[in-house]
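Participant: Structure provided below as structure tokens; questions to follow.
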Amino acid sequence: MPKPSFLIVCAMLGCALALQRAAQTEHGAAWSSPNLSSVPASFGGWRSENRQLDAVSRSLLEPDAVLWRTYVDPAGVPLDFLVVYGHRKKTFHSPGFCLPGGGWEIVSKRTVNLDLQGGNPRRVCANLFEIQNQGRRQIALYWFAHRGGTTPSLIRHNLGLMCSRVAHQRATGALVRVLVPVLTTEDDAIRRAVLFLKRVYPEASRQIAA
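Per our numbering, residue 862 is the first one in the sequence shown, and the count goes up by one each step.
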């Protein structure tokens, strides 16, 4: 009967080989990028303007595809929508690290369920940050999406991608972020975000999972 120490060594070697295989898959994979431009740019009186990541951000994240737009509703109120898609671990990060660098103070943070009803997925569990900068208030909603669904957890997202690599499956996903100004109450800002997402997120989700 094998000794416990021998079994432990075998298990550690197995884990090391799996991690090595996952790393090789990450750096050697050549995935086709999704067509994020198919996400509606205008609808129901809303219009949008495309934005671009700066060279430093692109170098750090190495995304396979990016959609970044500032939408404006019929009343002239803006909303920022960002999708960063890729297959590398470095592509995914928590906006909680970069928002303070932009001068925004995180006042509070929690998770919230966004009911998208007829959308796909019908419900998204997202991180919600209340942020402020020189008297301006916003909410930042973000989550991570992949072929298997969504999660607010960066750790779970990266773990899921690693398992896909080990199983020789497509290991791609996206960070999805929405910034909404708080004009009256936080609940009202969340409602605006949900109404917006019902129109644009089904197509974004379809492209991420394609």
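Where is the CB? At the ideal position from N, CA and C, for every residue including glycine. Keep in mind it's a predicted model, so treat the numbers as computed, not measured.
Return helix, strand or coil for T952, following the three-state DSSP convention.
Facilitator: T952: helix per DSSP, three-state reduction.
Participant: Throw me the rounded Cβ distance for the P982 and G1009 pair, which I believe falls under 8 Å.
Facilitator: Going by Cβ atoms, the distance from P982 to G1009 rounds to 11 Å, so no, they are not a contact pair.
Participant: Is it true that the segment 892-910 meets the segment 921-934, where meeting means three or more beta-carbon pairs spaced less than 8 Å apart?
Facilitator: Yes: the two stretches touch, three or more of their Cβ pairs being nearer than 8 Å.
Participant: Give a yes or no on contact between the segment 982-996 and the segment 957-971, applying the rule of three or more CB pairs nearer than 8 Å.
Facilitator: The answer is yes - the segment 957-971 touches the segment 982-996, with three or more Cβ pairs under 8 Å.
Participant: Considering just the uninterrupted stretch of the alpha helix (DSSP H) at H1007, what are its terminal residues?
Facilitator: No alpha helix (DSSP H) holds H1007; the beta strand (DSSP E) holding it covers 997-1007.
Participant: Excluding the 5 residues preceding and the 5 following G964 in the sequence, name in chain order all residues of the same chain whose CB lies nearer than 6 Å to its CB.
Facilitator: Counting only Cβ-Cβ distances below 6 Å, and skipping sequence neighbours, we find N994.
Participant: Locate the beta strand (DSSP E) running through Q993, then write down its first and last residues.
Facilitator: Its beta strand (DSSP E) spans residues 984-994.
Participant: What do you get for V938, buried or exposed, if any count of 16 or more other CB atoms within 10 angstroms of its CB means buried?
Facilitator: With fewer than 16 other Cβ atoms within 10 Å, it is exposed.
Participant: Out of curiosity, what's the CA-to-CA distance linking N974 and R997?
Facilitator: Cα to Cα, N974 sits roughly 25 Å from R997.
Participant: How big is the Cα-Cα spacing for L897 and V968?
Facilitator: C-alpha separation (whole angstroms): 32 Å.
Participant: Skipping 5 residues on each side, what residues in its chain have a beta carbon closer than 7 Å to that of P924?
Facilitator: These residues qualify, in order along the chain: V945, Y946, G947, T952.
Participant: Whole beta strand (DSSP E) runs in the segment 913-965 with 3 or more residues, listed along the chain?
Facilitator: Listed in chain order, the complete beta strand (DSSP E) runs (minimum 3 residues) inside the segment 913-965 are 926-933, 939-947.
Participant: Under 8 Å by Cβ, that's how I've got L1036 and F1005 pegged, so tell me the actual separation to the nearest angstrom.
Facilitator: So it is a contact: roughly 6 Å between Cβ atoms.
Participant: Please report the straight-line C-alpha distance between R949 and T1033, rounded to a whole angstrom.
Facilitator: C-alpha separation (whole angstroms): 8 Å.
Participant: Using only CA atoms, which one of R1060, F1057, I1000 lies nearest to L1044?
Facilitator: Ranking R1060, F1057, I1000 by Cα distance to L1044 puts I1000 first.
Participant: Which residues mark the beginning and the end of the beta strand (DSSP E) in which N911 is found?
Facilitator: Segment 908-911, the beta strand (DSSP E) holding N911.
Participant: Tell whether a beta-carbon distance below 8 Å holds between S1025 and R1017.
Facilitator: Contact: no.
Participant: Which residues does DSSP pair with A1035 in a beta bridge?
Facilitator: Answer by DSSP bridge pairing, in chain order: Y946, A1006.
Participant: DSSP three-state call for V1027: helix, strand or coil?
Facilitator: It is helical.
Participant: If I follow the unbroken alpha helix (DSSP H) through L902, where does it start and stop?
Facilitator: First, the amino acid is wrong: residue 902 is Ala here, not Leu. First-last for A902: undefined, no H or E at that position.
Participant: With DSSP collapsed to three states, give me the class of A1065.
Facilitator: It is helical.
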